[in-house]
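Visitor:
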Amino acid sequence: MKNRLAQLRGANDWTQQELADRVEVSRQTIISLESGRYNPSILLAFRLAGIFKVQIEDLFLYSEENQDD
Amino acid sequence: MTDPRKWIATRVRLGWALLAAGGLAAYFARWATSATPYNFRIIIVLGTLLMASGVGLLVRFSAGLKDEASARRIMANVRDERTVMIRMRAGNRAFWMSSVLVYAGLMWTSYAAKGDLPVLSQDALWDFLAAAVVVPLAVYIGSMLIDERTT
Numbered sequence: 088m089k090n091r092l093a094q095l096r097g098a099n100d101w102t103q104q105e106l107a108d109r110v111e112v113s114r115q116t117i118i119s120l121e122s123g124r125y126n127p128s129i130l131l132a133f134r135l136a137g138i139f140k141v142q143i144e145d146l147f148l149y150s151e152e153n154q155d156d
Numbered sequence: 182m183t184d185p186r187k188w189i190a191t192r193v194r195l196g197w198a199l200l201a202a203g204g205l206a207a208y209f210a211r212w213a214t215s216a217t218p219y220n221f222r223i224i225i226v227l228g229t230l231l232m233a234s235g236v237g238l239l240v241r242f243s244a245g246l247k248d249e250a251s252a253r254r255i256m257a258n259v260r261d262e263r264t265v266m267i268r269m270r271a272g273n274r275a276f277w278m279s280s281v282l283v284y285a286g287l288m289w290t291s292y293a294a295k296g297d298l299p300v301l302s303q304d305a306l307w308d309f310l311a312a313a314v315v316v317p318l319a320v321y322i323g324s325m326l327i328d329e330r331t332t
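Line by line, the protein sequences are chains A and B.
Residue numbers for the first sequence follow the working numbering, beginning at 88 and rising by one.
Residue numbers for the second sequence follow the working numbering, beginning at 182 and rising by one.
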């Protein structure tokens, strides 16, 4: 699933580690999320959306093509 | 919410306890007599495993005793949902490998009892049982390494 994590993180001038610390996950998880290799749980998705003050659907871009991810 | 420093301190204490328990087991097994019906090498192996687990915990968590930020980061890394998922997936694969090996061993023993297959010698049985422990462990570690790179 595509997402705007890297873009929003860059806009806030945060490192991957800083974002990881804020949502209490590992830096590797942020790397995997940004590269689209890993889809977060709904709880983590809400936490990330909350940190960036956006709606989940503005952060994670779902399309029918993603359904097998 | 869990206090990260207390959480880390508990794991460090567990590390020391495992290290001590492993050392004691290995130490007493060394002095045990060979006249008893137990194979004390197993206790030495168990002691070594306990000690290795203890050292692993100490190495992993001691850095978290420094300050709150380090403790919080280590706790986040351990509880990280992706890491937990990778561990669970690896555990599932290891479980299936273990089941297959044990089932194969049971089948072999059953057919051997009928005379359709050769009966396993003591050494062959020992090797098979050792493989039934080591192979699932290797599958677990291999699965974690692969998933860490691909997930």
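Beta carbons: idealized from backbone N, C-alpha and C, even for Gly.
Computed from a predicted structure; not experimentally measured.
State the CB to CB distance for the pair residue 237 of chain B and residue 203 of chain B, rounded to an integer number of angstroms; the pair is presumed to be in contact (CB under 8 Å).
Guide: Wrong, their Cβ atoms sit about 11 Å apart, outside the cutoff.
Visitor: List the residues that DSSP assigns as beta-bridge partners of residue 89 of chain A.
Guide: Beta bridge pairing from DSSP links residue 89 of chain A with A:148.
Visitor: Entirely within the segment 182–259 of chain B and at least 4 residues each: give me those alpha helix (DSSP H) ranges in chain order.
Guide: You should have 185–212 and 221–242.
Visitor: Can you tell me where the alpha helix (DSSP H) with residue 141 of chain A in it begins and where it stops?
Guide: It is not in any alpha helix (DSSP H) - residue 141 of chain A carries neither H nor E in the DSSP assignment.
Visitor: Whole angstroms is fine: what's the gap from residue 105 of chain A's alpha carbon to residue 306 of chain B's?
Guide: Rounded to whole angstroms, residue 105 of chain A to residue 306 of chain B spans 53 Å at the Cα level.
Visitor: Say whether the segment 252–259 of chain B touches the segment 104–123 of chain A, bearing in mind that this needs 3 or more beta-carbon pairs closer than 8 Å, one atom from each stretch.
Guide: Touching, yes, given that three or more Cβ pairs across the two stretches are closer than 8 Å.
Visitor: In or out: residue 127 of chain A buried (at least 16 other Cβ within 10 Å) or exposed?
Guide: buried
Visitor: Going straight from the alpha carbon of residue 294 of chain B to that of residue 300 of chain B, what length do you get?
Guide: 7 Å
Visitor: For a quick check, are the C-beta atoms of residue 328 of chain B and residue 250 of chain B less than 8 Å apart?
Guide: no
Visitor: My guess is that residue 92 of chain A and residue 121 of chain A are in contact by the Cβ rule of under 8 Å, so how many angstroms apart are they, rounded?
Guide: Contact check for residue 92 of chain A and residue 121 of chain A: beta-carbon distance about 5 Å, within the 8 Å limit, so the pair qualifies.
Visitor: Does any C-beta atom of chain A lie closer than 8 Å to the C-beta of residue 261 of chain B?
Guide: yes
Visitor: Listed in chain order, which residues of the segment 93–119 of chain A have Cβ atoms closer than 9 Å to some Cβ of chain B?
Guide: 104, 107, 108, 110, 111, 112, 113, 114, 115, 116 and 119
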